[in-house]
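Numbering (the numbering used here), first residue to last: 244 to 370.
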């Protein structure tokens, strides 16, 4: 699998990656479209304050559902998108239904590697 990595501000490199395997509670998505937004531009410019390099950018994504062990309402082969904000589900904010305030919130392409890959594993709840 090929990935596009922002290695340092102003620099991208294609690098080999490993196709993710299905794990409980996750779905595998074949990425087909990526939107480029201000977050990606700031990361490329080196002005994104929450960034560590190298990082695979990309959080505005669309693709095909390849596999999932728990994605109610979705079928393999279906075109999907997902919310790129991954929450813990157990902190005070999450238990109060305010997952956007999660104490351990991770954003795809910002805090963790994102979607400039061929295949991506995402929590099934985010579909």
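Heads up, the beta-carbon is just placed ideally off N, CA and C, and yes, glycines get one too.
Paired residues, beta bridge with residue i - DSSP
{"i": "residue 318", "result": "According to DSSP, which records beta bridges pairwise, residue 318 is partnered with nothing at all."}
{"i": "residue 307", "result": "273 and 322"}
{"i": "residue 259", "result": "245"}
{"i": "residue 328", "result": "350"}
{"i": "residue 364", "result": "271"}
{"i": "residue 254", "result": "251"}
{"i": "residue 298", "result": "249"}
Nearest-angstrom Cα separation, counted from residue j out to residue i
{"i": "residue 370", "j": "residue 253", "result": "31 Å"}
{"i": "residue 331", "j": "residue 346", "result": "8 Å"}
{"i": "residue 267", "j": "residue 319", "result": "16 Å"}
{"i": "residue 323", "j": "residue 247", "result": "21 Å"}
{"i": "residue 263", "j": "residue 273", "result": "10 Å"}
{"i": "residue 305", "j": "residue 261", "result": "20 Å"}
{"i": "residue 287", "j": "residue 316", "result": "36 Å"}
{"i": "residue 303", "j": "residue 349", "result": "14 Å"}
{"i": "residue 275", "j": "residue 325", "result": "13 Å"}
{"i": "residue 232", "j": "residue 329", "result": "It is not possible to answer for residue 232, since the shown part of the chain is limited to 244 through 370."}
Supposed close pair residue i, residue j - CB separation, criterion 8 Å
{"i": "residue 293", "j": "residue 354", "result": "7 Å"}
{"i": "residue 327", "j": "residue 351", "result": "4 Å"}
{"i": "residue 299", "j": "residue 357", "result": "5 Å"}
{"i": "residue 297", "j": "residue 333", "result": "Not quite, the Cβ-Cβ distance comes to about 30 Å (not below 8 Å), so this is no contact."}
Assigned exposure category for residue i - 16 Cβ within 10 Å defines buried
{"i": "residue 284", "result": "exposed"}
{"i": "residue 280", "result": "exposed"}
{"i": "residue 291", "result": "buried"}
{"i": "residue 278", "result": "exposed"}
{"i": "residue 265", "result": "exposed"}
{"i": "residue 289", "result": "exposed"}
Given 8 Å as the limit, is there contact between the stretch 334–342 and the stretch 353–364, that is, 3 or more CB pairs closer than that? no
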